[in-house]
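The block underneath contains the structure these notes are about, expressed in structure tokens.
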Amino acid sequence: MIGRTYAVSLLGLEGAIVEIEADLSNNLPGFVLIGLPDTALGEAKDRVRAAATNSGCGLPNRKITVNLSPAALPKHGSGFDLGIAVAALAASGTISAESIDRVLHIGELGLDGRLRPVNGVLPAVLAASRAGFTTVMVPSGNADEASLVPDMRVIAVPSLRDAAIWHGGEFETEPVEVITRPAPEAAPDTGGDLADMIGSSDAIDAMLVAAAGGHHVFLLGPPGAGKTMLAARLPGLLPDLDPQAALEVSSIRSLAGLPVGSSLTTRPPLEAPHHTATAAALVGGGSSQIRPGAAARASDGVLFLDEAPEFAPAALDALRQPLESGVISIHRANAIAHFPGRFQLVMAANPCPCGQWGARDSECTCPPNSRRRYLARLSGPLLDRIDIQFRVERITSAQLRLAGERPSLSTADARARVTAARQRAAARLETTPWRLNSHVPGSYLRGRELRLAPKVTAGLDRALERGGITMRGYDRVLRVAWSLADLADDSRPDDTHVGQALYLRKAMSQ
Amino acid sequence: MAAKDELGAHGETLAADHLIRSGLEILDRNWRCSQGELDIVARERDELVFVEVKTRSSVLFGHPFESITATKLARLRRLAAAWCDDHPGSGSSVRIDAVAVIVPSRGTVEIEHLKCIS
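Read top to bottom, the protein sequences are chains A and B.
According to my numbering, the first sequence is numbered sequentially starting from 1.
According to my numbering, the second sequence is numbered sequentially starting from 1001.
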């Protein structure tokens, strides 16, 4: 007799349905697991036999052969335990083979037969839903995460015994202590309010433009100019995530082993990896199981690289592909994993190793050569993809005194302006595949519909003629100008918007 | 005779009775040679059946079948070949079976018969 059920093998965010078949043959006791399991999965046979015995529904003393199919697909992790156990129990006739055939099983078994929560349940259940499954069985500890998937019947069981009872096994229920994950701590709002920023109204405007158009930002300035404060406030300016993005952000969190909780994340994430991060930590990696990196966790949110020149050049350049395509692809000999990579990049840097160059109030002590080398660590192709590059200055005592008198913009008001600007852009781009100004290619902006009058672009044309900017830079200025117009609620950018956009581009060349 | 040997001998008798009831003809019991001992040699139609009997008083230290390891199975195959050499013309087809006998101190005896285990 053969027991058959299903589980999910995750590769990146995509899940493949794996069929688990168990066969019981009249032979000396043994447990054979075939179909390309990795080490953690190969150990499943010992966990399953012990768990079955200790939960009072022991496996027969015969040879059990479990096949995971498609056999060529590499499988990893311990999430197959429950599926293997119920398939083996069904093969031995303890539980109904028909019942398990309709259900997809996810869960790791403890030796005592209790089910442990596993990582990546949300993307796995989503994959099951896409493959047409309507019922999944998950450990109780993963129940709230699995129920985030719409139109899916979730059966949460605390132990293998309860799973067997649900599938028609004739056992008495035995209460067990449920294994849960630590509850997600209430998300502390680390961003702080925009109103805390004093005196840097230029910089705040630049962040608004960045948020409105989804533009990548490069902040250059001496220590203490508020670069980190600005960057930390950017996620607060972004509008709430739409349901699709929320599902994706929560899926990545689930895959990375971060707590997901019982509701979808609706706020854009902020990831700020330390500058010692490797390329694998940034974009993701791993040999057998490919894990998401900081850039994938920041998808639909903000990836903040403080002290950007201190990052390894290889790590920074690994971001070029996702910046271009919005997708992170990690290639290995046996598989390719894809993660979403639509993050908004914010990089901050000091202008030189001592940090004081160009500051109004102090002297730089660096030799010119080391100053030049410092920023040259950021490769040209990377900076080329960043629309907004501007300088932030330390505030002066005069600005500090003025700060109390002028009302400052709060995060909530700023977010409302950004949301309105994004709606305006989305309405204009409705017939195109793009939604944000930063995604629009230059050829479209210079095309018939959106071309600006020569009078408006006069300053920009002059900069191009003089060699001050390249053609690619020209397109970037146009994009930022459109975002400025959206923020100002104007139907088209005028010459002041183009002028401002040019200013937001030129910080580096000063 | 030690208690465990006594249990083993008792188990083998029970196993032989079980095999006779299932229609096997017992040819030989406790056949010895330099390499070891065959518990039961039987015949089922044209097939020679070499039976390894394992007896336990409980499953506390594992099921009897679990103590039949790959090494033991290999020795059974060598013994089967030796028996055939010793009894020429006794048949063409052979197989190795295992019988587990669980003799608890109270309650009923359990006998399990696995066919063709190699």
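The beta-carbon is built from N, C-alpha and C at its ideal position, and this holds for glycine as well.
Values in this document were obtained by computation on a predicted structure and should not be read as measured data.
According to DSSP, is residue i helix, strand or coil?
i, result
"residue 1013 of chain B", "helix"
"residue 20 of chain A", "strand"
"residue 249 of chain A", "helix"
"residue 510 of chain A", "Residue placement at residue 510 of chain A is poorly supported in this model, since its pLDDT is 40, which falls under 50; the coordinates are not used for a value here."
"residue 493 of chain A", "coil"
"residue 38 of chain A", "coil"
"residue 5 of chain A", "strand"
"residue 70 of chain A", "coil"
"residue 477 of chain A", "helix"
"residue 65 of chain A", "strand"
"residue 430 of chain A", "coil"
"residue 199 of chain A", "coil"
"residue 75 of chain A", "strand"
"residue 505 of chain A", "coil"
"residue 287 of chain A", "coil"
"residue 271 of chain A", "strand"
"residue 81 of chain A", "helix"
"residue 182 of chain A", "coil"
"residue 448 of chain A", "coil"
"residue 409 of chain A", "coil"
"residue 328 of chain A", "strand"
"residue 1096 of chain B", "strand"
"residue 56 of chain A", "coil"
Counting only the same chain and skipping the five closest in sequence on each side, list residues whose C-beta sits under 8 Å from that of residue i.
i, result
"residue 173 of chain A", "161, 162, 165"
"residue 127 of chain A", "8, 10, 14, 15, 16, 17"
"residue 459 of chain A", "495, 498, 499, 502"
"residue 313 of chain A", "377, 379"
"residue 315 of chain A", "277, 278, 279, 281, 282"
"residue 266 of chain A", "240, 241, 246"
"residue 47 of chain A", "78, 81, 108, 109, 110, 111"
Residue i to residue j, Cα distance in whole Å?
i, j, result
"residue 42 of chain A", "residue 129 of chain A", "27 Å"
"residue 428 of chain A", "residue 215 of chain A", "17 Å"
"residue 1106 of chain B", "residue 116 of chain A", "39 Å"
"residue 1066 of chain B", "residue 1117 of chain B", "12 Å"
"residue 415 of chain A", "residue 205 of chain A", "12 Å"
"residue 208 of chain A", "residue 237 of chain A", "7 Å"
"residue 293 of chain A", "residue 280 of chain A", "7 Å"
"residue 199 of chain A", "residue 258 of chain A", "37 Å"
"residue 444 of chain A", "residue 403 of chain A", "41 Å"
"residue 349 of chain A", "residue 430 of chain A", "36 Å"
"residue 49 of chain A", "residue 1096 of chain B", "26 Å"
"residue 1039 of chain B", "residue 1051 of chain B", "6 Å"
"residue 225 of chain A", "residue 311 of chain A", "21 Å"
"residue 111 of chain A", "residue 104 of chain A", "22 Å"
"residue 287 of chain A", "residue 107 of chain A", "23 Å"
"residue 425 of chain A", "residue 493 of chain A", "12 Å"
"residue 470 of chain A", "residue 464 of chain A", "6 Å"
"residue 1022 of chain B", "residue 1112 of chain B", "12 Å"
"residue 409 of chain A", "residue 233 of chain A", "12 Å"
"residue 320 of chain A", "residue 150 of chain A", "35 Å"
Can you list, in chain order, the residues of its chain whose CB lies under 6 Å from that of residue i, leaving out five sequence neighbours each side?
i, result
"residue 475 of chain A", "442"
"residue 514 of chain A", "Any property of residue 514 of chain A remains undetermined from this structure, which presents chain A solely from 1 to 510."
"residue 221 of chain A", "227, 391, 392"
How close, in whole Å, do the beta carbons of residue i and residue j come, if the pair is a contact with beta carbons under 8 Å?
i, j, result
"residue 282 of chain A", "residue 272 of chain A", "Between residue 272 of chain A and residue 282 of chain A the Cβ distance is about 12 Å, and since that is not below 8 Å, they are no contact."
"residue 330 of chain A", "residue 284 of chain A", "5 Å"
"residue 230 of chain A", "residue 392 of chain A", "7 Å"
"residue 511 of chain A", "residue 118 of chain A", "Because chain A in this structure spans residues 1 to 510, residue 511 of chain A falls outside the shown range and cannot be described."
"residue 251 of chain A", "residue 317 of chain A", "About 27 Å; that fails the 8 Å criterion."
"residue 26 of chain A", "residue 1114 of chain B", "6 Å"
"residue 5 of chain A", "residue 138 of chain A", "Actually they do not touch by this definition, with Cβ atoms about 14 Å apart."
"residue 473 of chain A", "residue 505 of chain A", "6 Å"
"residue 486 of chain A", "residue 412 of chain A", "Not quite, the Cβ-Cβ distance comes to about 19 Å (not below 8 Å), so this is no contact."
"residue 260 of chain A", "residue 122 of chain A", "6 Å"
"residue 38 of chain A", "residue 74 of chain A", "7 Å"
"residue 88 of chain A", "residue 59 of chain A", "6 Å"
Please return the same chain residues whose Cβ sits closer than 7 Å to the Cβ of residue i, not counting the five positions on each side in sequence.
i, result
"residue 366 of chain A", "352, 353, 354, 357"
"residue 1011 of chain B", "1053, 1055, 1101, 1103"
"residue 228 of chain A", "306, 348"
"residue 394 of chain A", "222, 224, 225, 359, 361"
"residue 102 of chain A", "135"
"residue 61 of chain A", "29"
Legend entry - alpha helix (DSSP H) runs contained entirely in the region 116-164 of chain A, provided each spans 4 or more residues: 121-130, 143-146
Legend entry - Continuous alpha helix (DSSP H) assignments of at least 4 residues falling wholly in the region 1022-1061 of chain B: none
Legend entry - Sequence ranges, beta strand (DSSP E) only - wholly within the region 213-237 of chain A, length at least 3: 217-220
Legend entry - Uninterrupted beta strand (DSSP E) stretches inside the region 338-397 of chain A (no shorter than 3 residues): 344-349, 388-391
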